[in-house]
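*Asks:* Numbering (this note's numbering), first residue to last: 2 to 439. Backbone N, C-alpha and C fix where the C-beta goes; we use that ideal spot for every residue, glycine too. From a predicted model like this one, the values you see are computed outputs, not experimental measurements.
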C-alpha cells in the first residue's frame with residue numbers, strides 16, 4: 002500500500018480530492034435539490050444509478066416528480082415552489098431533444114393553460130404523435146386529463162392540433178373569436194370517455210418502459226411488508242455471497258426460454274424488488290415443476306443459490322440465483338400477511354477457511370466427463386459454464402466434444418463439487434448418458 006501511495010496518490014492528488022469532496026458535501030448540504038438534480042442529469046441514461054439517487058432524495062425528504070410539460074426542462078430541474086426535483090423530458094424514451102426544445106420554446110410565452118393551449122402553441126410536426134404518446138404515458142400531461150382518456154383520443158388530439166395550426170397559418174384567427182379582454186378563445190377539444198381504463202399497474206409499466214424506472218409509485222408497494230420480512234433485499238446481495246442459499250422475491254420483468262441439448266426447456270428470468278434486480282436461472286426440472294408461474298408482471302418468492310462467477314470461473318460483480326424452489330405471491334396473500342417485525346438478514350460471506358477446505362477423497366481419483374455433440378450451441382455451453390461455476394469443488398471436469406469418430410477432449414480449468422446435485426443439473430442439460438464420473 003505504501004509503494005502504491007508513493008506514486009499514485011501523492012499529497013497534491015490527495016489535496017485535490019479532499020477539496021472536491023468538501024465542495025461536493027457543501028453543495029449537497031446547502032443546495033440539496035439543485036445538487037441532486039445535477040447529479041441525476043449526469044446519470045440520466047443509467048437507470049441503476051438513477052434508482053439509487055431517487056432513493057437518496059427520498060431519504061433526504063425530497064420528492065422526485067414525474068415529467069410535466071409545464072415544469073420539466075430538458076434535464077432534471079428544481080421546482081422552486083416545492084424544492085422538489087422534476088424529471089427531465091429528454092430522459093423520456095421516444096421524446097427527442099428537438100421535441101423538448103420546441104415545448105420549451107412555446108413555454109417561453111407562458112405556462113400552458115390547457116391541452117388546447119398546448120396544441121395551439123407547439124408545432125406538432127416536431128412534437129409528433131409518437132412523442133405525444135410517450136409524454137402522455139410517462140405522465141407529462143396528467144394535469145390536463147387522465148392517461149386512459151388521453152390515449153384513447155390520441156388520434157383526435159393530433160388531428161385537432163394539425164387543423165388548429167393550419168388555420169393559424171392561413172390567418173383565419175377570426176375562427177377563434179376574441180374575448181372582451183383581448184385574449185384569443187381557442188375552440189374546445191371534445192374528448193370521448195375511454196372505453197377501457199388502463200389499470201394503475203399497467204400505467205406503472207409504461208413508466209418503467211419510458212423512464213427506465215418506476216417513479217410515481219412502485220408496483221410492489223403493496224408487497225413491501227411481506228417482502229421485507231420474507232426475502233433478502235436484492236441490493237444487499239454481494240459477490241462474496243457466492244454459493245449461499247437465499248430467499249428473494251420480486252416482480253418478473255423479463256423472461257427467456259431455451260431448449261437444452263436434451264430437448265428440455267429451461268429459462269432465464271429477471272426479477273426486480275423495491276430497490277434491485279437479479280437474474281434467475283431455472284434448470285429443466287424446477288422449470289417443469291413451476292411451468293405455469295413464469296409470466297411477466299407476476300410476483301414470485303424464490304429460494305436458490307447465489308452464483309457470482311464469471312465465464313472464467315472468477316468471482317465477478319454480476320449475480321444470479323440458481324432456483325431450487327419458487328411460488329407466486331398474489332396481492333391477496335400480500336394483503337393478508339401479518340407482520341412479525343422481523344426481517345431476513347443477508348447470508349454470511351464465504352470464508353477463506355471454507356474455500357480452502359481439504360479435497361474430498363473421491364475427487365483425487367475421479368473426473369467428471371461431460372459429452373456434447375455440437376460445440377456451436379452457445380446456450381448449452383453457457384448453461385454448463387454457469388452450473389459448473391455454481392458448484393466449486395475439487396473434482397476435475399473434462400469436456401468431450403463430438404462423436405467417437407471425430408471428438409475433442411478438453412480439460413476445463415474449473416473444478417466442481419462431488420455432490421450429486423451438480424450431476425443432476427448437468428443431466429437435465431445434456432442427458433444422463435452424457436454425464437459420467439470415472
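Going by DSSP, what residues sit across from residue 409 in a beta bridge?
*Replies:* Indexing the chain shown from 1 puts residue 409 at position 408. Residue 409 is bridged to 402.
*Asks:* Assuming residue 431 and residue 381 form a contact by the criterion Cβ under 8 Å, report the distance between their Cβ atoms to the nearest whole angstrom.
*Replies:* Indexing the chain shown from 1 puts residue 431 at position 430. Indexing the chain shown from 1 puts residue 381 at position 380. Residue 431 to residue 381, Cβ: 7 Å. Contact.
*Asks:* Say whether the segment 332-350 touches the segment 418-434, bearing in mind that this needs 3 or more beta-carbon pairs closer than 8 Å, one atom from each stretch.
*Replies:* In short, these stretches do not touch, since the Cβ pair count stays below three.
*Asks:* Alpha carbon to alpha carbon, how far is residue 237 from residue 154?
*Replies:* Counting from 1 along the chain shown, the entry for residue 237 is found at position 236. Counting from 1 along the chain shown, the entry for residue 154 is found at position 153. Cα to Cα, the separation comes out at about 44 Å.
*Asks:* Would you kindly check if the distance between the Cβ of residue 279 and the Cβ of residue 320 is under 8 Å?
*Replies:* As a first step, residue 320 must be located in the chain shown, where it is residue number 319. As a first step, residue 279 must be located in the chain shown, where it is residue number 278. Result yes, Cβ atoms of residue 320 and residue 279 sit closer than 8 Å.
*Asks:* When DSSP labels each residue in this structure, what does residue 27 get in the three-state scheme?
*Replies:* As a working mapping, residue 27 is identified with position 26 in the chain shown. It is helical.
*Asks:* What residue does the alpha helix (DSSP H) around residue 317 start on, and which one ends it?
*Replies:* Position 316 of the chain shown holds residue 317. First-last for residue 317: 316-329, but that is the beta strand (DSSP E), not the alpha helix (DSSP H).
*Asks:* Helix, strand or coil for residue 52, going by three-state DSSP, please let me know.
*Replies:* Indexing the chain shown from 1 puts residue 52 at position 51. Residue state, collapsed to three classes: helix.
*Asks:* Check the DSSP bridge columns for residue 396 and list the partner residues they point to.
*Replies:* In the chain shown, the residue the question calls residue 396 occupies position 395. According to DSSP, which records beta bridges pairwise, residue 396 is partnered with 417.
*Asks:* For residue 332 versus residue 223, is the C-beta distance shorter than 8 Å?
*Replies:* Stepping through the chain shown from its first residue, residue 332 is reached at position 331. Stepping through the chain shown from its first residue, residue 223 is reached at position 222. For residue 332 and residue 223, yes; Cβs fall inside 8 Å.
*Asks:* Examine the Cβ distances between the segment 297-308 and the segment 240-248 and report whether three or more of them are shorter than 8 Å.
*Replies:* At 8 Å Cβ cutoff, the stretches touch.
*Asks:* Under the DSSP definition of a beta bridge, which residues are partnered with residue 87?
*Replies:* Locating residue 87 in the chain shown gives position 86, counting from the first residue. Answer is 66 and 78, bridged to residue 87.
*Asks:* Flag this pair as yes or no: are the beta carbons of residue 260 and residue 270 separated by less than 8 Å?
*Replies:* Locating residue 260 in the chain shown gives position 259, counting from the first residue. Locating residue 270 in the chain shown gives position 269, counting from the first residue. No, they are not a contact pair.
*Asks:* Reducing DSSP to helix, strand and coil, say where residue 273 ends up.
*Replies:* On the chain shown, residue 273 is found 272 positions in, with the first residue counted as 1. Residue 273: strand per DSSP, three-state reduction.
*Asks:* Three-state secondary structure (DSSP) at residue 268?
*Replies:* For this step, residue 268 is matched to residue 267 along the chain shown. DSSP places residue 268 in strand when its eight states are reduced to three.
*Asks:* Can you check DSSP and say which residues form a bridge with residue 306?
*Replies:* Locating residue 306 in the chain shown gives position 305, where the first residue counts as 1. Per DSSP, 246 and 323.
*Asks:* Pairing CB atoms from the segment 125-144 with CB atoms from the segment 90-99, are three or more of them under 8 Å?
*Replies:* Touching, yes.
*Asks:* Could you give the distance in angstroms between the alpha-carbon of residue 95 and the alpha-carbon of residue 34?
*Replies:* One-based indexing of the chain shown puts residue 95 at position 94. One-based indexing of the chain shown puts residue 34 at position 33. C-alpha separation (whole angstroms): 27 Å.
*Asks:* Give the straight-line distance between the Cα atoms of residue 74 and residue 105, rounded to the nearest whole angstrom.
*Replies:* Translated into positions along the chain shown, residue 74 becomes position 73. Translated into positions along the chain shown, residue 105 becomes position 104. Rounded to whole angstroms, residue 74 to residue 105 spans 7 Å at the Cα level.
*Asks:* Could you work out which residue in 386, 197, 152 and 123 is closest to residue 170 when comparing CA atoms only?
*Replies:* Stepping through the chain shown from its first residue, residue 170 is reached at position 169. Among 386, 197, 152 and 123, the Cα nearest to that of residue 170 belongs to 123.
*Asks:* Give every residue of the same chain whose Cβ lies closer than 6 Å to the Cβ of residue 365, excluding the five residues on either side of it in the sequence, and list them in chain order.
*Replies:* Start at 1 with the first residue of the chain shown, and residue 365 comes out as number 364. Any reading at residue 365 needs caution, since the residue's pLDDT is 47, under 50, leaving its predicted position unreliable; the model's value is listed next. So the list is empty, once near-sequence residues are dropped.
*Asks:* Can you check whether the CB of residue 437 is closer than 8 Å to the CB of residue 402?
*Replies:* Counting from 1 along the chain shown, the entry for residue 402 is found at position 401. Counting from 1 along the chain shown, the entry for residue 437 is found at position 436. No, the pair does not count as a contact, with Cβ atoms beyond the cut-off.
*Asks:* Indicate the three-state DSSP secondary structure (helix, strand or coil) for residue 256 in the structure shown.
*Replies:* Here residue 256 is taken as the residue at index 255 of the chain shown, counted from 1. In this structure, residue 256 counts as strand in the three-state DSSP scheme.
*Asks:* For the candidate residues 212, 347, 216 and 156, whose alpha-carbon lies nearest to that of residue 230?
*Replies:* Here the question's residue 230 lines up with position 229 in the chain shown. For residue 230, the nearest C-alpha among the options comes from 347.
*Asks:* Between residue 387 and residue 310, what straight-line distance do the alpha-carbon atoms span, to the nearest angstrom?
*Replies:* Indexing the chain shown from 1 puts residue 387 at position 386. Indexing the chain shown from 1 puts residue 310 at position 309. Those two C-alpha atoms are separated by around 8 Å.
*Asks:* Out of curiosity, what's the CA-to-CA distance linking residue 53 and residue 252?
*Replies:* Within the chain shown, numbered from 1, the residue matching residue 53 stands at position 52. Within the chain shown, numbered from 1, the residue matching residue 252 stands at position 251. Roughly 19 Å separates the two Cα atoms.
*Asks:* Is the beta carbon of residue 429 sitting closer than 8 Å to the one on residue 240?
*Replies:* Looking up residue 429 in the chain shown gives position 428. Looking up residue 240 in the chain shown gives position 239. No, these two residues do not count as a Cβ contact at 8 Å.
*Asks:* Label residue 20 either buried or exposed according to how many other C-beta atoms from any shown protein chain fall within 10 Å of its C-beta, with 16 as the threshold for buried.
*Replies:* By 1-based counting over the chain shown, the position of residue 20 is 19. Answer is exposed; the Cβ neighbour count stays below 16.
*Asks:* Out of curiosity, what's the CA-to-CA distance linking residue 107 and residue 200?
*Replies:* As a first step, residue 107 is located in the chain shown; it is residue number 106 there, counting from the start. As a first step, residue 200 is located in the chain shown; it is residue number 199 there, counting from the start. If you take the alpha carbons of residue 107 and residue 200, they lie about 32 Å apart.
*Asks:* Can the beta-carbon of residue 1 be found closer than 8 Å to that of residue 157?
*Replies:* Residue 1 lies beyond the residue range present for the chain, which begins at 2 and ends at 439; the question has no answer from this structure.
*Asks:* So residue 367 and residue 267 are supposed to be a Cβ contact under 8 Å. How far apart are they, rounded?
*Replies:* Translated into the one-based positions of the chain shown, residue 367 becomes position 366. Translated into the one-based positions of the chain shown, residue 267 becomes position 266. Incorrect: roughly 27 Å between the Cβ atoms, too far for contact.
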